[in-house]
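Heads up, the working numbering is the position in the sequence shown plus 45, with the first residue counted as 1.
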Amino acid sequence: MHTPTPLDSAIMASMAGEASFQHLFMANPQPMWIFDLSTLRFLAVNQAALQHYGYSQAEFLDLTIRDIRPPEDVTRLLDVLSEQASPFKETGLWKHLTRDGRVIDVEVTTHLIQFAGQRAKLVLINDVSEHLRAERALREHEARLRLFIEHAPVALAMFDRDMRYLAASRRWQDDYGLGHHPLDGRCHYEVFPEIGARWRELHQRGLQGEALNCEAERFVRQDGRVQWLRWTIHPWRDDQGDVGGIVIFTEDISERKRTEETLRQSATIFESMRDGVLITDLSPAIVAVNRAYTDITGYTLDEVRGLNPSLLRSGRHDHDFYQLMWKSVLEEGHWVGEIWNRRKSGELYPQLLSISTVYDPQGAPCNYVGVFTDISQVRQSEARLEHLAHFDPLTDLPNRLLAYSRLQHAIERGQRTDRRVAALLIDIDRFKNVNDSLGHHIGDQLLQAAAARLRAVAVSVDTVARLGGDEFLLILDNLDDPAPAAALAQTLLDALAEPFMLDEHPPIYLSASIGISLYPDDACDATELVQHADLAMFRAKQARNAYHFHTEAMSQSMREQLLLENRLRQALDGEEFVLHYQPLIGADGQMAGCEALVRWQPADGPMVPPGQFIPLAEELGLIVPLGGWVLAEACRQGRIWLDAGQPPRVMAVNISARQFQHPDFVNTVRATLAASGFPPACLELELTESMLMEQVEQSIDTMCALKALGTRLSIDDFGTGYSSLAYLKRFPIDKLKIDQSFVRGIAHERSDREIITTIIAMARALGLQVLAEGVETAEQQAFLQQHGCQYYQGYLFCRPQPAAALEAWLAART
Numbered sequence: 046m047h048t049p050t051p052l053d054s055a056i057m058a059s060m061a062g063e064a065s066f067q068h069l070f071m072a073n074p075q076p077m078w079i080f081d082l083s084t085l086r087f088l089a090v091n092q093a094a095l096q097h098y099g100y101s102q103a104e105f106l107d108l109t110i111r112d113i114r115p116p117e118d119v120t121r122l123l124d125v126l127s128e129q130a131s132p133f134k135e136t137g138l139w140k141h142l143t144r145d146g147r148v149i150d151v152e153v154t155t156h157l158i159q160f161a162g163q164r165a166k167l168v169l170i171n172d173v174s175e176h177l178r179a180e181r182a183l184r185e186h187e188a189r190l191r192l193f194i195e196h197a198p199v200a201l202a203m204f205d206r207d208m209r210y211l212a213a214s215r216r217w218q219d220d221y222g223l224g225h226h227p228l229d230g231r232c233h234y235e236v237f238p239e240i241g242a243r244w245r246e247l248h249q250r251g252l253q254g255e256a257l258n259c260e261a262e263r264f265v266r267q268d269g270r271v272q273w274l275r276w277t278i279h280p281w282r283d284d285q286g287d288v289g290g291i292v293i294f295t296e297d298i299s300e301r302k303r304t305e306e307t308l309r310q311s312a313t314i315f316e317s318m319r320d321g322v323l324i325t326d327l328s329p330a331i332v333a334v335n336r337a338y339t340d341i342t343g344y345t346l347d348e349v350r351g352l353n354p355s356l357l358r359s360g361r362h363d364h365d366f367y368q369l370m371w372k373s374v375l376e377e378g379h380w381v382g383e384i385w386n387r388r389k390s391g392e393l394y395p396q397l398l399s400i401s402t403v404y405d406p407q408g409a410p411c412n413y414v415g416v417f418t419d420i421s422q423v424r425q426s427e428a429r430l431e432h433l434a435h436f437d438p439l440t441d442l443p444n445r446l447l448a449y450s451r452l453q454h455a456i457e458r459g460q461r462t463d464r465r466v467a468a469l470l471i472d473i474d475r476f477k478n479v480n481d482s483l484g485h486h487i488g489d490q491l492l493q494a495a496a497a498r499l500r501a502v503a504v505s506v507d508t509v510a511r512l513g514g515d516e517f518l519l520i521l522d523n524l525d526d527p528a529p530a531a532a533l534a535q536t537l538l539d540a541l542a543e544p545f546m547l548d549e550h551p552p553i554y555l556s557a558s559i560g561i562s563l564y565p566d567d568a569c570d571a572t573e574l575v576q577h578a579d580l581a582m583f584r585a586k587q588a589r590n591a592y593h594f595h596t597e598a599m600s601q602s603m604r605e606q607l608l609l610e611n612r613l614r615q616a617l618d619g620e621e622f623v624l625h626y627q628p629l630i631g632a633d634g635q636m637a638g639c640e641a642l643v644r645w646q647p648a649d650g651p652m653v654p655p656g657q658f659i660p661l662a663e664e665l666g667l668i669v670p671l672g673g674w675v676l677a678e679a680c681r682q683g684r685i686w687l688d689a690g691q692p693p694r695v696m697a698v699n700i701s702a703r704q705f706q707h708p709d710f711v712n713t714v715r716a717t718l719a720a721s722g723f724p725p726a727c728l729e730l731e732l733t734e735s736m737l738m739e740q741v742e743q744s745i746d747t748m749c750a751l752k753a754l755g756t757r758l759s760i761d762d763f764g765t766g767y768s769s770l771a772y773l774k775r776f777p778i779d780k781l782k783i784d785q786s787f788v789r790g791i792a793h794e795r796s797d798r799e800i801i802t803t804i805i806a807m808a809r810a811l812g813l814q815v816l817a818e819g820v821e822t823a824e825q826q827a828f829l830q831q832h833g834c835q836y837y838q839g840y841l842f843c844r845p846q847p848a849a850a851l852e853a854w855l856a857a858r859t
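Structural data, given as structure tokens:
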């Protein structure tokens, strides 16, 4: 606004008519005029006003002050003039019109004066149009700048040297969770007290005039969310060129980083895929391939870029194949199938190929992607598996499956041609000894050598197969009679008898047994023919290094054996077993105990002798449950006799090798004694030399555990097995039982008599009791008694009989 000048004071102190006033008024460089307050007409105008407004003296004096006002300012003018006038009053800013119609902004200062006897006002004019335009331009610039900052699409903030906010974009406030509260004047470190030393140092560097930036920095927000920021710190300078503060620009590029990471991962996956991948345009021309494509085909991207994928065609598929393939791609968007292609080297190979159409965001096709797997190894593996399914992996001979198939085909040919077919089943004798003594690796080499020798000998035979283990099968067809089969069998036996030389190993000698069955003489299908050859081979094994033809008697024997097996399994469930008891007689002629002997009494047939079913029960694994039943029944009967008033006597029970070696045998004995209430001291478990010598240390541990229960132990059939006296003295036994084979020879075999006397003397020396089995004559008893035998068992005294019959026998003796 205008401030009073010396001229203003002079005007107030002078009269209008003074010459000095006229001179000052007209010469003043600031536009001035005087107007009549009553008529508002101009009374005087100085030269500066004439020049500034463009009017002549006469034109100006013909106007009123209303004439130089825009219409919108006239009302305001009249309102101001109606106010009570003061000697000195500043009226502020107005808009005036120049002669050419321009509107100018002026600052006016008015003074109430008397001029030519009239109440008038002296007006001093200061044209501020340029100044206001500059101010408006500055304000508009500042407004635009603030608008730009506030609505900038990135986070942007402007600070002074004290790091107080001058402006901040809405994105800044949104990104940093500041809401839309004003930030102007607030210190950045008060808004974000968690800002660390590193950022404060960066701010100071910016305030010192350094421009800083970072393209990507990991930033962890207070809420734990991870952001990636691109930031810039730039100093701003004032009119004097001094740093007035800094501008901080940050951009959240987390999404871009995620996109870049996704693209990087996609590129990594693309390049690291084991499947070949090629991308084409719609031509189709190759635009990209991955590393696996190059590895599989041999072509690099530079070699195939822009080429049609048909350069890989193998020539094994016709035009119709490719036409149908592309029809599926165009109509359905994909195709999957197997295809043969050609490598750069010219090699043909099978692929599993998938072609898919890629669509742009508008849904229009833009590319094709082919993904393929080299399945040559798969096909090779399938061929190997197919081979393994029908051939033995060790000898490469046909296996059981293929052998049976070929044998059935040979039988069918024999049916059509009315000719015989021979099945020769070969089993190497005692081959288990080779594996056990020399190791399985030598055993495998021996089988391979034997297989090679069989193939070399049987060159005219269609099939030489390995059924498994050390069993081989030869198929001889188109026969008139069995003679060629017998001749071939003998040739094979002779060939296998030759020594085998393996890996600088000493010569290995083998023998074999061969069973032969014939179609249609023995069977009419492959399975039965091999079964009959197996029966014949079993018979040949009894002679070793021999061959044997199948006979009907063998089949009959096998059927009877199978029938017996089935009956034996049923007998155990059907409670068809009973115990007979044979007395043990002391030297005084009194019964000292008895031996429990199992008998099989079928419900619908005669009693089966133990010699028929005991070995079978051993073979079938039924001896353990059967032996457990015998032990429990013997203890139960012994308890009955004790409860009936009989004196305590020994109850002897035979224990099989499988029972004795069972890990739970001692617990079974303990539980049986507890369940029956039979005194352990009355129970005598009979063991054989052979079972004790199989695993000596384990046998001793088991025997000691049984002795700890309080039971008695005896060695049955002593002298018939092989035992070491060094081990015998370690066995915690109570009694030796002389085998009946020695007792039978007392009358006529000196050696048997010497063996008996030696056993009795040895037992006496070891503090053991002695019992002789199979005593049938008085002469035998007399010899035994003469040499100190303490106990006897045999038909001379009593045969084995049921419990009730034994009770009657005992009653008759008392």
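In this text, a Cβ means the ideal position worked out from N, Cα and C, and glycines have one as well.
| Item | Value |
| --- | --- |
| Length of the line joining the Cα atoms of Cys843 and Gln635 | 12 Å |
| Alpha carbon of Asp365 to alpha carbon of Asn412, nearest angstrom | 23 Å |
| Unbroken stretches of the alpha helix (DSSP H), 4 residues or longer, contained in the stretch 196–260 | 215–220, 233–236 and 242–252 |
| The alpha helix (DSSP H) enclosing Cys680, as first and last residue numbers | Ile668 to Asp688 |
| Cβ shell of Ser131 (< 8 Å), same chain only, five flanking positions each side left out | The predicted position of Ser131 is uncertain, since its pLDDT is 49 and thus under 50; a value taken from the coordinates is nonetheless stated next. Same-chain partners within the cutoff: Leu157. |
| Under the three-state DSSP convention, the category Phe160 falls into | strand |
| The stretch 288–301 in contact with the stretch 321–339 per 3-pair CB rule at 8 Å | no |
| Cα-Cα separation, Leu737 to Pro845 | 27 Å |
| Beta-carbon contacts of Tyr772 that lie in its chain and below 6 Å, excluding the five residues immediately before and after | Val741 |
| Start-to-end residues for the alpha helix (DSSP H) that takes in Pro74 | From DSSP, Pro74 is part of no alpha helix (DSSP H); its letter is neither H nor E. |
| Nearest-angstrom Cα separation, counted from Leu613 out to Phe658 | 7 Å |
| Contact belief for Ser728 with Thr747 at Cβ below 8 Å, rounded distance in angstroms | Before going further, note that residue 728 is Leu rather than Ser in the sequence given. So it is not a contact: roughly 15 Å between Cβ atoms. |
| Whole-angstrom distance between Thr154 and Lys166, CA atom to CA atom | 10 Å |
| Neighbourhood of Gln470 by C-beta, 6 Å cutoff - its chain only, sequence neighbours within 5 removed | With the sequence shown as reference, residue 470 is identified as Leu, and Gln is not the correct amino acid for it. Contacts found: Leu518, Gly560, Ala578, Asp579 and Met582. |
| Buried versus exposed call for Glu818 [16 or more other C-beta atoms within 10 Å across all chains shown] | buried |
| Residues near Ala496 by beta carbon distance below 6 Å, same chain, minus five either side | Thr440 and Leu442 |
| Unbroken stretches of the beta strand (DSSP E), 3 residues or longer, contained in the stretch 799–844 | 814–817 |
| Closest Cα partner of Gln253 within the set Leu533, Ile278, Asp507 and Gly269 | Ile278 |
| Asp419 (DSSP reduced to helix, strand or coil) | strand |
| Whole-angstrom distance between Gln682 and Pro692, CA atom to CA atom | 13 Å |
| Straight-line gap, Ala337 to Tyr449 (C-alpha atoms, nearest Å) | 45 Å |
| Segment limits, beta strand (DSSP E) that includes Asn480 | Element bounds for Asn480: not the beta strand (DSSP E) but the alpha helix (DSSP H), Phe476 to Leu483. |
| Reference Gly321; option with closest CA among Gly286, Gln396, Pro725 and Ser355 | Gln396 |
| Nearest candidate by alpha-carbon position, reference Val669, set Phe787, Asp649, Leu629 and Phe710 | Phe710 |
| Boundaries of the beta strand (DSSP E) in which Gly513 is found, first to last residue | Thr508 to Gly513 |
| Beta carbon of Leu547 nearer than 7 Å to that of Gln493 | no |
| Assigned exposure category for Ile240 - 16 Cβ within 10 Å defines buried | exposed |
| N-terminal and C-terminal residue of the alpha helix (DSSP H) that Tyr367 is part of | His364 to Glu377 |
| The beta strand (DSSP E) enclosing Cys749, as first and last residue numbers | Not the beta strand (DSSP E): Cys749 falls in the alpha helix (DSSP H), residues Val741 to Leu754. |
| Per DSSP, cross-strand counterpart(s) of Ser759 | Glu731 and Lys780 |
| Alpha-carbon spacing of Ile400 relative to Val479, whole angstroms | 59 Å |
| Beta-carbon spacing of Phe105, Phe87 below 7 Å | yes |
| Contained alpha helix (DSSP H) runs [length at least 4] in the stretch 71–112, N- to C-terminal order | 92–98 and 102–106 |
| Residues that DSSP places opposite Pro410 in a beta bridge | Tyr404 |
| Whether Tyr836 touches Gly631 by CB criterion (7 Å) | yes |
| Residues sharing a beta bridge with Gln396, DSSP | Ile384 and Asp419 |
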